[in-house]
Every structure is written in C-alpha cells, then in structure tokens.
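Engineer: After the structure tokens below, expect a handful of questions from me.
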Amino acid sequence: SSGESNSGLRKVNMNGYSADPSGGIMGFRACVAAVGWIPATILNIVLPVVAVWRGDVALPNVMLSDVMASGPLYEAVYTWGFSLSMICVCFVFREASTFWRQKLPSMAPDVDRFVFMLYALCAPCLLGLVAFQYKHDLSLHREDLWALIYDFDFLLWALHVFHTSVFFLTCCAMAYIYGLRLSPALDASGLTHPSDRFWRSSGSWCILMLTPVGVVVRFFHLFSGRLYGVFSWYWSRLL
Numbered sequence: 002s003s004g005e006s007n008s009g010l011r012k013v014n015m016n017g018y019s020a021d022p023s024g025g026i027m028g029f030r031a032c033v034a035a036v037g038w039i040p041a042t043i044l045n046i047v048l049p050v051v052a053v054w055r056g057d058v059a060l061p062n063v064m065l066s067d068v069m070a071s072g073p074l075y076e077a078v079y080t081w082g083f084s085l086s087m088i089c090v091c092f093v094f095r096e097a098s099t100f101w102r103q104k105l106p107s108m109a110p111d112v113d114r115f116v117f118m119l120y121a122l123c124a125p126c127l128l129g130l131v132a133f134q135y136k137h138d139l140s141l142h143r144e145d146l147w148a149l150i151y152d153f154d155f156l157l158w159a160l161h162v163f164h165t166s167v168f169f170l171t172c173c174a175m176a177y178i179y180g181l182r183l184s185p186a187l188d189a190s191g192l193t194h195p196s197d198r199f200w201r202s203s204g205s206w207c208i209l210m211l212t213p214v215g216v217v218v219r220f221f222h223l224f225s226g227r228l229y230g231v232f233s234w235y236w237s238r239l240l
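Just add 1 to the spot in the sequence shown (first one is 1) and you have this note's numbering.
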C-alpha cells in the first residue's frame with residue numbers, strides 16, 4: 002500500500018534535509034565534495050613522492066612550493082588541481098553554512114565569520130599562492146640587497162610566501178571556529194552523524210596544532226638552511 006511504501010522512505014523535512022542525521026545518500030553535494038578532495042589528496046601526498054622519486058626535488062627543498070616550482074608541468078597541475086578543489090570547497094561550505102544558519106540561528110555570527118574568512122581570505126590566497134610561484138627560495142646570503150629587491154624572482158617569492166602565510170593562518174582560524182564553536186553545537190543538536198565526530202574533531206585539532214609546528218619548521222628551513230648540511234655531514238660520519 003502507499004502507506005507501507007511511504008513508511009519505508011527516508012524522512013525528509015520541507016527544506017529537503019534528512020530528518021534522520023544517520024541517514025544519507027550519494028547525491029550531488031557528495032559528488033562535488035569528492036571532486037574537491039580527491040585531487041587535493043593526490044597533490045598533497047602522491048605528487049610530492051613522485052617528484053622526489055624522479056629527482057625533480059631533493060632534500061631539504063621538498064615543500065609543496067618547491068614541487069610546484071620544479072617544472073611547468075607541476076606548476077600547471079597544481080594550479081588546476083588546487084583551483085578545482087577550492088571551487089568545490091566553496092560550494093560545499095556555502096551549502097553547509099546555509100544549513101547551519103537555519104538550524105542554529107544562535108551561531109549565526111560564527112557562521113558569518115567562517116564564511117567571510119573562506120571567501121575573503123582563504124580562497125583568494127590559495128589562488129595567489131599557485132599564481133605566484135617562485136623559481137628559487139630566498140637566499141639570505143645575497144650580498145647586494147638592492148639587487149635582491151629589484152629581482153622579479155624575489156617579488157614572486159615574496160608574493161607566494163605572503164599568500165601562503167595568510168592562507169594557512171586563515172585555515173587555522175576557520176578550524177578553530179568550526180572545531181570549537183560550530184561542531185559542538187551541531188553535535189548537541191543531533192545534526193551530525195555520530196561516527197563523523199572523531200574525524201571532524203581530529204581534522205580540526207590537527208590543523209590547530211600542526212600550523213604552529215609548520216611555522217617553526219619553515220622558520221628553520223628558511224633562516225637555518227645550512228643546518229641541514231651540518232646534520233647530513235654529522236650523520237654520514239656516524240654511519
């Protein structure tokens with residue numbers, strides 16, 4: 002009967018969202034999310050390993066920025082992949098923020114801050130860091146400071162570092178808003194799947210803790226580049 006068939010359907014409210022947060026379907030939003038995270042995962046994990054294996058980059062210069070600058074193909078792939086990922090991220094979070102504001106009106110200020118950072122800082126800076134790709138990392142041992150300032154490669158380096166720094170700091174701030182403000186409220190309202198709580202919490206805390214670590218590592222990588230040679234020499238003597 003029609004009553005029996007309707008009872009077997011997943012309950013959906015008038016706004017099109019599932020009334021049961023434990024249910025879900027592989028719809029358009031999920032496909033867009035996958036189109037975003039699949040290339041981002043490959044570009045962040047797989048492609049750097051390929052670059053090291055091919056010898057296109059070598060220690061200690063194995064940052065993603067170094068991989069991007071190691072050849073025109075890498076530059077094109079990273080520009081296309083990260084831009085595609087950010088388009089998908091903006092779409093997914095636009096949909097999510099609409100749902101958050103509707104279900105949690107008291108958290109609207111935090112949602113507004115999150116969306117503002119995404120569109121005004123995070124997305125433009127990601128496009129900026131892939132647009133301004135340097136060929137050589139900054140050398141603090143250059144004797145002629147004026148030659149360094151008027152060097153176009155230095156300008157590209159400075160713009161790349163600026164956009165990268167703002168991008169990661171913005172991601173850290175967004176992780177704080179989501180992980181410590183929005184996520185607990187969503188969990189308390191029963192709007193999220195219980196099995197996702199660990200991954201959402203782990204992702205937020207990893208960004209919050211690893212971003213400062215990355216700043217320290219980059220500081221030593223930039224200002225103490227010669228330490229790598231010292232450690233390599235000492236290690237070779239030990240072996």
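C-beta: ideal position from N, C-alpha, C; glycine also.
Within 10 angstroms of the Cβ of F115, are there 16 or more other Cβ atoms? Answer buried if so, exposed if not.
Structural biologist: In the sequence shown, counting from the first residue as 1, residue 115 sits at position 114. The residue is buried, with at least 16 neighbouring Cβ atoms inside 10 Å.
Engineer: In chain order, what residues of the same chain lie with their CB nearer than 6 Å to the CB of Y75, ignoring the 5 residues before and after it?
Structural biologist: Translated into positions along the sequence shown, residue 75 becomes position 74. Contacts found: V68, M69.
Engineer: Whole angstroms are fine: how far does the CA of S98 sit from the CA of D197?
Structural biologist: Position 196 of the sequence shown, counted from the start, is the residue given in the question as residue 197. Position 97 of the sequence shown, counted from the start, is the residue given in the question as residue 98. Approximately 18 Å between the Cα atoms of the pair.
Engineer: Spatial neighbours of V167 within its chain, please: CB distance less than 7 Å, with the 5 preceding and 5 following residues excluded, ordered by chain position.
Structural biologist: Taking the sequence shown and counting its residues from 1, the one referred to as residue 167 is at position 166. Answer for V167: L122, C126, listed in chain order.
Engineer: Report the CB separation of L65 from N45 in whole angstroms; it is logged as a contact under 8 Å.
Structural biologist: Against the sequence shown, residue 65 aligns to sequence position 64. Against the sequence shown, residue 45 aligns to sequence position 44. With 8 Å as the limit, L65 and N45 qualify as a contact, their Cβ atoms being about 7 Å apart.
Engineer: Please state the DSSP three-state secondary structure of D67.
Structural biologist: By 1-based counting over the sequence shown, the position of residue 67 is 66. In the structure shown, D67 sits in a helix (DSSP, three-state: H, G or I).
Engineer: Tell me whether T99 sits in a helix, a strand or coil according to DSSP, three-state version.
Structural biologist: Residue mapping note: residue 99 aligns to position 98 of the sequence shown, counting from 1. T99: helix per DSSP, three-state reduction.
Engineer: Considering only the alpha carbon of each residue, which of G129, M175, L170 lies closest to L157?
Structural biologist: Locating residue 157 in the sequence shown gives position 156, counting from the first residue. It is G129.
Engineer: According to DSSP, is S61 helix, strand or coil?
Structural biologist: By 1-based counting over the sequence shown, the position of residue 61 is 60. The sequence given here has Pro at residue 61, not Ser. Of the three classes helix, strand and coil, the one that applies to P61 here is coil, per DSSP.
Engineer: In whole angstroms, what is the alpha-carbon distance linking V50 and C91?
Structural biologist: As a working note, residue 50 is residue 49 in the sequence shown. As a working note, residue 91 is residue 90 in the sequence shown. Whole-angstrom Cα-Cα distance: 28 Å.
Engineer: Sorted by chain position, which residues of the same chain lie with C-beta nearer than 6 Å to A34's C-beta, five sequence neighbours on each side aside?
Structural biologist: Here residue 34 refers to the residue found at position 33 when the sequence shown is read from its first residue. Excluding sequence neighbours, A34 sits near V93.
Engineer: Specify the secondary structure class of L105 as computed by DSSP and reduced to three states.
Structural biologist: Position 104 of the sequence shown, counting from 1, holds the residue named residue 105. Looking at L105 - three-state DSSP - the assignment turns out to be coil, as it is neither helix nor strand.
Engineer: Compute the beta-carbon to beta-carbon distance between L211 and G180, rounded to the nearest angstrom, for a pair I have assumed lies under 8 Å.
Structural biologist: Translated into positions along the sequence shown, residue 211 becomes position 210. Translated into positions along the sequence shown, residue 180 becomes position 179. Wrong, their Cβ atoms sit about 13 Å apart, outside the cutoff.
Engineer: Leaving out five residues on either side along the sequence, give the residues of the same chain with a beta carbon under 6 Å from the beta carbon of W54.
Structural biologist: Stepping through the sequence shown from its first residue, residue 54 is reached at position 53. Cβ neighbours of W54 beyond the five flanking positions: none.
Engineer: Helix, strand or coil for S196 per DSSP?
Structural biologist: Taking the first residue of the sequence shown as position 1, residue 196 is located at position 195. In this structure, S196 counts as helix in the three-state DSSP scheme.
Engineer: Only counting the same chain, and skipping five residues up and downstream in sequence, which positions put a Cβ closer than 6 Å to that of V131?
Structural biologist: Taking the sequence shown and counting its residues from 1, the one referred to as residue 131 is at position 130. Closer than 6 Å at Cβ, skipping near neighbours: Y79, T80, F83.
Engineer: Grouping DSSP H, G and I as helix and E and B as strand, with all else coil, what is M27?
Structural biologist: As a working note, residue 27 is residue 26 in the sequence shown. Reduced to three states, the DSSP call for M27 is coil.
Engineer: Going by DSSP, what residue range makes up the alpha helix (DSSP H) through V50?
Structural biologist: Along the sequence shown, one-based indexing puts residue 50 at 49. Residues 48–55.
Engineer: Nearest CA to the CA of R95: which residue from V214, R30, P213?
Structural biologist: The sequence position of residue 95 within the sequence shown is 94, counting from 1. Residue R30 is the option with its Cα nearest to R95.
Engineer: Given this structure, state the Cα-to-Cα distance separating I39 from V58, to the nearest angstrom.
Structural biologist: Taking the sequence shown and counting its residues from 1, the one referred to as residue 39 is at position 38. Taking the sequence shown and counting its residues from 1, the one referred to as residue 58 is at position 57. About 23 Å.
Engineer: Three-state secondary structure (DSSP) at G129?
Structural biologist: Walking along the sequence shown from the start, residue 129 turns up at place 128. Helix at G129.
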